[in-house]
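Written out below as structure tokens is the structure these notes cover.
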Amino acid sequence: MVEVSDVEKLKEKIARLKEELRAVIVAHNYQRPEVQDMADFVGDSLELARKCTQVDAEVVVFCGVHFMAETAAILNPERTVLLSEGSAGCPMADMINAAEVREWQQRYPGAAVVCYVNSSAEVKAESYICCTSANGVKVVDSVPRNEVIFVPDQNLGHYISTQTKKRLILYPGFCYVHHRIRPEQVEMAKRLHPDAQLIVHPECRPEVVALAEAVLSTSQMLRYVGASSHKSFIIGTEEGLLHRLREENPDKSFHLISNGQICTDMKKTTLETVAKTMELRQNVVTVPEEIRLRAKQAVDRMLAVS
Ligand code: 13P
Ligand code: SF4
Numbered sequence: 001m002v003e004v005s006d007v008e009k010l011k012e013k014i015a016r017l018k019e020e021l022r023a024v025i026v027a028h029n030y031q032r033p034e035v036q037d038m039a040d041f042v043g044d045s046l047e048l049a050r051k052c053t054q055v056d057a058e059v060v061v062f063c064g065v066h067f068m069a070e071t072a073a074i075l076n077p078e079r080t081v082l083l084s085e086g087s088a089g090c091p092m093a094d095m096i097n098a099a100e101v102r103e104w105q106q107r108y109p110g111a112a113v114v115c116y117v118n119s120s121a122e123v124k125a126e127s128y129i130c131c132t133s134a135n136g137v138k139v140v141d142s143v144p145r146n147e148v149i150f151v152p153d154q155n156l157g158h159y160i161s162t163q164t165k166k167r168l169i170l171y172p173g174f175c176y177v178h179h180r181i182r183p184e185q186v187e188m189a190k191r192l193h194p195d196a197q198l199i200v201h202p203e204c205r206p207e208v209v210a211l212a213e214a215v216l217s218t219s220q221m222l223r224y225v226g227a228s229s230h231k232s233f234i235i236g237t238e239e240g241l242l243h244r245l246r247e248e249n250p251d252k253s254f255h256l257i258s259n260g261q262i263c264t265d266m267k268k269t270t271l272e273t274v275a276k277t278m279e280l281r282q283n284v285v286t287v288p289e290e291i292r293l294r295a296k297q298a299v300d301r302m303l304a305v306s
């Protein structure tokens, strides 16, 4: 068990290493509370991608999963990007590779490929443009084709298809954390908290999205709740978001739909792994230059439209 004094020592160590490395630490909204509290910046995928282009640091320590650190590396060839825990990946991002994107493109030659940011650099390199859960509709609307191959998240793709006139061809990937939330569980949560508003992430299945008052990225949820006069919310995303929701809204209450809303990979990062990563300058995330340049086009196009 980690003692309080050990936590303080780890925080001091991380602060010292930050100075030594001229590093900035960024963390995703799903990270453990103590990791979020120690980071210089916490946000959703879009905010973190943007932030990484603006920081004044030699090293970016990314507390999240591999595709997020890889996006930082795509945008920052001159900075060193360290992933807070080397084995932290996103199972959905691993559901598609570059060869599969090319195969789908051959099957639908008139369509443009839009990839969710939860994808590898090689998949981004095969895509016309990238999007996040915060800007998917805007990005798809910006594409100069009427047909779009959307990879890899079928649920985000389905949600976007209900908000746009474009025809979406959906690759069958999914996030196990959001996809396993069932409408029956939502109905049960609504019965338990009849006054609560239901807000869900677009990675949830369509039958769950259909029951929600709002469909939002993680940081959009924070802004939505902050601006709302409602006092109680049922949250359809990973449980790590509750930390900021509760801190920023002490007068409001938050309920999860089920106890399965945990992303194992997001929880692999701890204060210990951050300190070790920085001390050993390990888990350096790099992207081969030929792939990086093509992937960067897709990410830059996204940053230009949103
Ligand atoms: P956000 O971009 O909404 O933070 O989502 C990232 C993610 O991995 C959702 O599962
Ligand atoms: Fe990937 Fe889902 Fe975890 Fe997000 S919550 S990192 S989409 S597995």
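1 is the number of the first residue of the sequence shown in the numbering used here; add one for each residue after it. We put the beta carbon where it would ideally sit given N, CA and C, even for glycine.
Handout entry: Same chain only: Cβ atoms within 7 Å of Ala196, ignoring 5 sequence neighbours per side
Key = Taking the first residue of the sequence shown as position 1, residue 196 is located at position 196. Same-chain partners within the cutoff: Ser232, Phe233, Ile234, His255.
Practice task
Starting from the C-beta of Asn29, find all residues in its chain whose C-beta is less than 7 Å away, skip the five residues before and the five after it, and write them out in chain order.
Solution key: Counted from its first residue, the sequence shown places residue 29 at position 29. Excluding residues within five positions, the ones whose Cβ falls inside 7 Å are Val42, Gly43, Asp44, Thr218, Ser219, Gly240, Leu241, Arg244.
Practice task
Would you list the one or two residues that DSSP bridges to Ala121?
Solution key: Numbered from its first residue, the sequence shown carries residue 121 at position 121. None, per the DSSP bridge assignment.
Practice task
In the DSSP assignment, find the unbroken beta strand (DSSP E) run with Val159 in it and report its ends.
Solution key: What you label residue 159 is simply residue 159 of the sequence shown in a count that begins at 1. The question names Val, yet the displayed sequence has Tyr at residue 159. Tyr159 -> not in any beta strand (DSSP E); alpha helix (DSSP H) instead, spanning 154-161.
Exercise for the section: Look at the Cβ atom of Ser119, then the Cβ atom of Thr269, and state whether they are nearer than 7 Å. Expected result: By one-based count along the sequence shown, residue 119 stands at place 119. By one-based count along the sequence shown, residue 269 stands at place 269. No. Outside cutoff.
Practice task
Flag Asn259 as yes when its Cβ comes closer than 6 Å to any non-hydrogen atom of the ligand SF4, and as no otherwise.
Solution key: As a first step, residue 259 must be located in the sequence shown, where it is residue number 259. Flag unset: Cβ of Asn259 not near the ligand SF4.
Handout entry: Expected contact under 8 Å - CB spacing of Val151 and Met302 to nearest Å
Key = Translated into the one-based positions of the sequence shown, residue 151 becomes position 151. Translated into the one-based positions of the sequence shown, residue 302 becomes position 302. At roughly 14 Å, the Cβ-Cβ gap does not stay under 8 Å, so Val151 and Met302 are not in contact.
Exercise for the section: Output the distance between the C-alpha atoms of Val274 and Tyr159, rounded to the nearest integer angstrom. Expected result: On the sequence shown, position 274 is the one that residue 274 refers to. On the sequence shown, position 159 is the one that residue 159 refers to. Cα-Cα distance, rounded: 35 Å.
Exercise for the section: Run the proximity test for Ser84: is its beta-carbon closer than 6 Å to any non-hydrogen atom belonging to the ligand 13P? Expected result: Residue 84 sits at position 84 when you count from the first residue of the sequence shown. Outside the cutoff, so no.
Exercise for the section: Pull up the DSSP beta-bridge partners for Tyr116, would you. Expected result: As a position in the sequence shown, residue 116 is number 116, starting the count at 1. Tyr116 is bridged to Cys131.
Practice task
Select from Ser228, Gly89, Ile96 the residue whose C-alpha is nearest the C-alpha of Val285.
Solution key: Residue 285 sits at position 285 when you count from the first residue of the sequence shown. Nearest of Ser228, Gly89, Ile96 to Val285, Cα basis: Gly89.
Exercise for the section: May I have the straight-line CA-CA distance separating Glu147 from Leu156, to the nearest angstrom? Expected result: Translated into the one-based positions of the sequence shown, residue 147 becomes position 147. Translated into the one-based positions of the sequence shown, residue 156 becomes position 156. The alpha-carbon atoms of Glu147 and Leu156 are separated by roughly 16 Å.
Practice task
Count the other CB atoms, across all protein chains shown, that sit within 10 Å of the CB of Ala99; report buried if there are 16 or more and exposed otherwise.
Solution key: If you number the sequence shown from 1, residue 99 lands on position 99. When all chains shown are included, Ala99 counts as exposed.
Problem - As assigned by DSSP and simplified to three states, the class of Cys63 - result: Here residue 63 corresponds to residue number 63 of the sequence shown, with the count starting at 1. DSSP places Cys63 in strand when its eight states are reduced to three.
Practice task
Please say whether Leu211 and Val186 have beta carbons closer to each other than 7 Å?
Solution key: The residue you call residue 186 lines up with position 186 of the sequence shown. The residue you call residue 211 lines up with position 211 of the sequence shown. Result yes, Cβ atoms of Val186 and Leu211 sit closer than 7 Å.
Practice task
Could you tell me if the beta carbon of Pro77 falls within a distance shorter than 6 Å of some heavy atom in the ligand SF4?
Solution key: Locating residue 77 in the sequence shown gives position 77, counting from the first residue. For the ligand SF4, not one heavy atom lies less than 6 Å from the Cβ of Pro77.
Problem - Under the three-state DSSP convention, the category Val208 falls into - result: Here residue 208 refers to the residue found at position 208 when the sequence shown is read from its first residue. Three-state DSSP puts Val208 in a helix.
Handout entry: Spatial distance of Gly236 from Ile257 (CA atoms)
Key = For this step, residue 236 is matched to residue 236 along the sequence shown. For this step, residue 257 is matched to residue 257 along the sequence shown. Near 6 Å, if we compare the C-alpha coordinates of Ile257 and Gly236.
Practice task
From the DSSP output, in three-state form, read off Ile149 for me.
Solution key: Taking the first residue of the sequence shown as 1, we reach residue 149 at position 149. Residue state, collapsed to three classes: strand.
Exercise for the section: Determine the closest residue to Ser253 out of Val225, Cys263, Thr264, with distance taken between C-alpha atoms. Expected result: Taking the first residue of the sequence shown as 1, we reach residue 253 at position 253. The shortest Cα separation from Ser253 among Val225, Cys263, Thr264 belongs to Val225.
Problem - Residue burial classification, Arg292 (beta-carbon count within 10 angstroms, cutoff 16) - result: Residue numbering aside, residue 292 sits at position 292 when the sequence shown is read from its first letter. So Arg292 counts as buried.
Exercise for the section: Please determine, among Trp104, Ile14, Ser229, Asp94, the residue with the shortest C-alpha to C-alpha distance to Cys63. Expected result: By 1-based counting over the sequence shown, the position of residue 63 is 63. For the residues Trp104, Ile14, Ser229, Asp94, the minimum Cα distance to Cys63 belongs to Ile14.
Practice task
Enumerate, from N- to C-terminal direction, the unbroken beta strand (DSSP E) stretches of 3 or more residues contained entirely within the stretch 179-257.
Solution key: 197-200, 232-236, 253-256
Problem - Per DSSP, the bridge partner or partners of Ile43 - result: Here residue 43 refers to the residue found at position 43 of the sequence shown. The question names Ile, yet the displayed sequence has Gly at residue 43. The partner list for Gly43 (beta bridge, DSSP) reads His28.
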